[in-house]
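Asker: Going down the list, the sequences are from chains A and B.
Each step along the first sequence adds one to the number in numbering that gives the first Met the number 0, with nothing skipped, and position 7 is 6.
Each step along the second sequence adds one to the number in numbering that gives the first Met the number 0, with nothing skipped, and position 215 is 214.
Every residue, glycine too, gets a C-beta built ideally from N, C-alpha and C.
Keep in mind it's a predicted model, so treat the numbers as computed, not measured.
After the structure tokens below, expect a handful of questions from me.
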Amino acid sequence: MSHATAEKTEATADEPVAPRKKAALSEGKKAERRLGWLLCAPAAITMIAVTGWPILYSILLSMQRFDLKFPDRTEWIWFDNYVTVLSSKYWWDAVLVTVVLTVVTVAVELVLGMSLALIMHRTLVGRGIVRTSSLIPYGIVTVVAAFSWRFAWTPSTGYLAEALGGDPVLTERIPALMVVSLAEIWKTTPFMALLLMAGLALVPDDLLKAAAMDGAGAWQRFIKVTVPIMKPAILVALLFRTLDAFRIFDNLFVLTAGSQGTSSVSMLTYNNLIKGLNLGIGSTMSVLIFLMVAAIAFIFIKLFGTAAPGSDNGGRR
Amino acid sequence: MAGIGGADTTGKKVGWGLLNAVVVIYALFPVLWIVSLSFKSSKTLADGNFIPREWSLENYQNIFSTSEFTRALINSIGIAIIATAIAVVFGTMAAYAIARLDFPGKNLLVGVSLLIAMFPQVSLVSPLFEIERSLGLFDTWPGLILPYITFALPLAIYTLSAFFREIPWELEKAAKMDGATPGQAFRRVIAPLAAPGVFTTAILVFIFCWNDFLFAISLTSTEQSRTVPVALSFFTGSSQFEDPAGSIAAAAVVITIPIILFVLFFQRRIVAGLTSGAVKG
């Protein structure tokens, strides 16, 4: 950041005095530009090739009747797929499940994650042990964790099911969703906590001491001093986790496979595409999910303005 | 808030110790449960006890005796390592340019990678499924490596450019003053200084690739390229009367080992890597 500004001022300062020097400098500038583009090219080309064309292609696919089981019946039907999906009860059920799971898990994670962050930040003993062990849920393969929960809740195999009287919780909608939320919260709270902890590190100790001197209690210090200062970190953590929670798939796949009305939008898309081989409907759902995620990101960025990560980057560099 | 105003008394230490214990138990008990399950013999598998009544290695012998698991393990390791290597090399180049050079289109690249980081991966599954089928990439290693690189790149670029901004800029200038080209300055001066950041990024990217399930299950169909998380979900047990839980648990433990090792040895680095990209922006 300082580098870019420093060079700009240098360039403008040199301009009126020595025109020849300016030419040399702009030669250097050109080389810098070329190097910049050259270095970014592989990353940019890969990212655009693997996402750009597929996005356009999925829009095209979503406007066709395209079922791999009946490939000769493929034809353009424009928005009929959208009508089919948007008037389907299964789709709206999946949207509801996804939204409820997202809101519940992110809310719980924020509270738990904040407590965990405070513990990791403030603990007097065994800081290393706490940080190391809280990284395990983050690093562990989601499918592995999901199997652990599934076996724990399966009657006869599982200790949790046994402890609670042996009811098959995963075969009923609400209890199954609660288990899915539990698995999701267990896995992602540490990530939330780490992002929040980085925010906590930015809160100056002197400020907290001053507030304590002025008679503020622990809770008041937290609400009036700590939270406002770490607001950007909270918003980034919330944004990342919300978008991540919205694409929940692995946990659901292992725990319920979307039965008993527990499908999320990702699960439903997968079932239509890979199990049903219906590319048209699958792509329509893909486009709709993309639009929903874009809307969530847009709302976050609008609500939080400069605190959003995108604008933050733009502004600082 | 114990650090403020209060003396660090023994009582407080005990209190923190208890809190820490709660955190450690919270983090570990699902892991311990699956470890315990993997060591149960087939007779005691369904007893619902947290600690095995009878320890046995039966489940491990079972999974390593079939190609279903060993092949998946080779796929997982190969795909994750290749994807990590490529993503880290591309990411290092791009992050260096973003952190140190001034060129038009930089903000666009940062914006695009942020978009991809937030992208709903399932939206790519439908078109990629069809495109990879027509290109012959479906159910191959490159068919998985490509999406992994793509989704790992934003993570790599963010983490690395945060690390790169911490490197003393004067050193590069000094190298240039001594006659090094920008390219040489990158290779000889900045790259060695950036090695710890690159290493941390490699761990994070590897964890991401190792973890993926959605692409792996959608873009593969046979043992040829199925990774372990997917193979796990297809385990059926050697006969229809056998509960696959034991095999699944054993395989789960095997693929958890590298993660536990990373976390144990590189805890500090992983924490630094995860937080630097997100907060410093």
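Between which two residues does the alpha helix (DSSP H) carrying Thr222 of chain B extend?
Answerer: The sequence given here places Glu at residue 222 of chain B; Thr does not occur at that position. It is not in any alpha helix (DSSP H) - Glu222 of chain B carries neither H nor E in the DSSP assignment.
Asker: Under 8 Å Cβ-Cβ, which residues of chain A neighbour Ser232 of chain B?
Answerer: Val142, Phe252 and Val253, listed in chain order.
Asker: Which residues in chain B sit within 8 Å of Trp185 of chain A, going by Cβ to Cβ distance?
Answerer: In chain order: Tyr25 and Pro29.
Asker: Using a beta-carbon distance cut-off of less than 9 Å, what residues from the stretch 64-75 of chain B approach chain A?
Answerer: Correct list: empty, as no residue qualifies.
Asker: Would Thr8 of chain B be called buried (16 or more neighbouring beta carbons within 10 Å of its own) or exposed?
Answerer: It is exposed - the Cβ of Thr8 of chain B has fewer than 16 other Cβ atoms within 10 Å.
Asker: Using Cβ-Cβ distances below 8 Å, what residues of the stretch 191-217 of chain B are close to chain A?
Answerer: Within the stretch 191-217 of chain B, the residues whose Cβ lies closer than 8 Å to some Cβ of chain A are Ile206, Trp209, Asn210, Phe212, Leu213, Ile216 and Ser217, listed in chain order.
Asker: Among all the DSSP beta bridges, which residues are the ones paired with Lys39 of chain B?
Answerer: Lys39 of chain B is bridged to B:Trp54.
Asker: Where Thr91 of chain B and Ala151 of chain B are concerned, what is the direct C-alpha to C-alpha distance, given to the nearest angstrom?
Answerer: If you take the alpha carbons of Thr91 of chain B and Ala151 of chain B, they lie about 12 Å apart.
Asker: Which of helix, strand or coil does DSSP assign to Trp152 of chain A?
Answerer: Correct three-state label for Trp152 of chain A: helix.
Asker: Taking only the alpha-carbon atoms, compute the straight-line gap between Arg220 of chain A and Val110 of chain A and give it to the nearest angstrom.
Answerer: Rounded to whole angstroms, Arg220 of chain A to Val110 of chain A spans 17 Å at the Cα level.
Asker: Are there three or more Cβ pairs, one per stretch, closer than 8 Å when the stretch 252-271 of chain A is compared with the stretch 40-49 of chain A?
Answerer: Counting Cβ pairs under 8 Å, fewer than three are found: no touch.
Asker: When the cut-off is 7 Å and only beta carbons count, does Gly4 of chain B lie next to chain A?
Answerer: The pLDDT assigned to Gly4 of chain B is 44, lower than 50, so where the model puts this residue is not dependable; a value taken from the coordinates is nonetheless given after this. Cβ-Cβ to chain A under 7 Å: yes for Gly4 of chain B.
Asker: Which parts of the stretch 246-288 of chain A are runs of the alpha helix (DSSP H), unbroken and 4 residues or longer, counting only runs that do not cross its ends?
Answerer: Entirely contained in the stretch 246-288 of chain A, the alpha helix (DSSP H) runs reaching 4 residues are, in chain order, 249-254 and 264-269.
Asker: Would Leu176 of chain A and Ala236 of chain A be called neighbours here (beta carbons separated by less than 7 Å)?
Answerer: Their beta carbons are not under 7 Å apart, which means Leu176 of chain A does not touch Ala236 of chain A by this criterion.
Asker: Within 10 angstroms of its Cβ, does Asp205 of chain A collect 16 or more other Cβ (buried), or is it exposed?
Answerer: With fewer than 16 other Cβ atoms within 10 Å, it is exposed.
Asker: Could you tell me how far apart the beta carbons of Val105 of chain A and Thr241 of chain A are, in whole angstroms, since I believe they sit closer than 8 Å?
Answerer: Going by Cβ atoms, the distance from Val105 of chain A to Thr241 of chain A rounds to 5 Å, so yes, they are a contact pair.
Asker: Looking only at its chain, what residues have a beta carbon closer than 7 Å to the beta carbon of Ala271 of chain B, apart from the 5 residues adjacent to it on each side?
Answerer: Answer for Ala271 of chain B: Thr199, listed in chain order.
Asker: Applying a beta-carbon distance threshold of less than 7 Å, which residues of chain B neighbour Ile273 of chain A?
Answerer: The answer, in chain order, is Ser217.
Asker: Who are the Cβ neighbours of Ile202 of chain B in its own chain at under 8 Å, not counting the five residues just before and after it?
Answerer: So the qualifying residues of the chain are Phe261, Phe265, Arg268, Ile269 and Gly272.
Asker: Span of the alpha helix (DSSP H) holding Leu100 of chain B?
Answerer: That residue, Leu100 of chain B, is in no alpha helix (DSSP H); it is neither H nor E in DSSP.
Asker: Keeping to the same chain, check which residues put their C-beta closer than 8 Å to that of Ile184 of chain A; ignore five residues upstream and five downstream.
Answerer: So the qualifying residues of the chain are Thr104, Val107, Glu108 and Leu111.
Asker: Check this for me: beta carbons of Ser155 of chain A and Gly47 of chain B, under 7 Å apart or not?
Answerer: Yes. Within cutoff.
Asker: Residues in the same chain with beta-carbon distance under 7 Å from Phe162 of chain B, minus the five sequence neighbours each way, listed in chain order, please.
Answerer: If we look at Phe162 of chain B and ignore the five residues flanking it on each side, its Cβ neighbours are Ala193, Gly196 and Ser275.
Asker: Identify whether Glu74 of chain A lies in helix, strand or coil by the three-state DSSP scheme.
Answerer: Reduced to three states, the DSSP call for Glu74 of chain A is strand.
Asker: With 16 as the cutoff for other CB atoms within 10 Å, does Ser122 of chain B come out buried or exposed?
Answerer: The residue in question, Ser122 of chain B, is buried, as its Cβ has 16 or more Cβ neighbours within 10 Å.
Asker: Using a Cβ-Cβ cut-off of 7 Å, state whether Met117 of chain B counts as contacting chain A.
Answerer: It does: the Cβ of Met117 of chain B has a partner Cβ on chain A nearer than 7 Å.
Asker: Do we get a CB-CB distance below 7 Å when we pair Thr104 of chain A with the residues of chain B?
Answerer: Not one chain B Cβ lies under 7 Å of Thr104 of chain A.
Asker: With DSSP as the reference, please indicate the residues paired to Gln63 of chain A in a beta bridge.
Answerer: According to DSSP, which records beta bridges pairwise, Gln63 of chain A is partnered with A:Trp75.
Asker: Closest to Ala30 of chain A by C-alpha separation, out of B:Ala174, B:Trp168, B:Pro153 and B:Phe102, would be which residue?
Answerer: Selected option, being the one with the closest Cα: B:Phe102.
Asker: Kindly give me the distance between the Cβ atoms of Ser160 of chain B and Ala84 of chain B, rounded to whole angstroms, as I take these residues to be in contact under 8 Å.
Answerer: Contact doesn't hold; Cβ gap of about 19 Å is too wide.
Asker: Taking DSSP as the reference, what is the three-state secondary structure of Asp211 of chain B?
Answerer: Note: Asp211 of chain B maps to coil in three-state DSSP.
Asker: For the putative contact between Val224 of chain A and Ala210 of chain A, defined by C-beta atoms under 8 Å, what is the C-beta separation to the nearest angstrom?
Answerer: So it is a contact: roughly 5 Å between Cβ atoms.
Asker: If the cut is a Cβ gap below 8 Å, which residues of chain A does Glu129 of chain B touch?
Answerer: Ordered by position in chain A, the residues that pass the 8 Å Cβ test against Glu129 of chain B are Tyr56, Leu60 and Leu278.
Asker: Between A:Val292, A:Thr283, A:Ile288 and A:Val178, which has its C-alpha nearest Arg64 of chain A's C-alpha?
Answerer: The shortest Cα separation from Arg64 of chain A among A:Val292, A:Thr283, A:Ile288 and A:Val178 belongs to A:Thr283.
Asker: Taking the alpha helix (DSSP H) that Ala106 of chain A belongs to, which residues open and close that run?
Answerer: Ala106 of chain A -> alpha helix (DSSP H) spans Lys88 to Arg121.
Asker: Which stretch, first to last residue, makes up the alpha helix (DSSP H) that contains Arg187 of chain B?
Answerer: It is not in any alpha helix (DSSP H) - Arg187 of chain B carries neither H nor E in the DSSP assignment.
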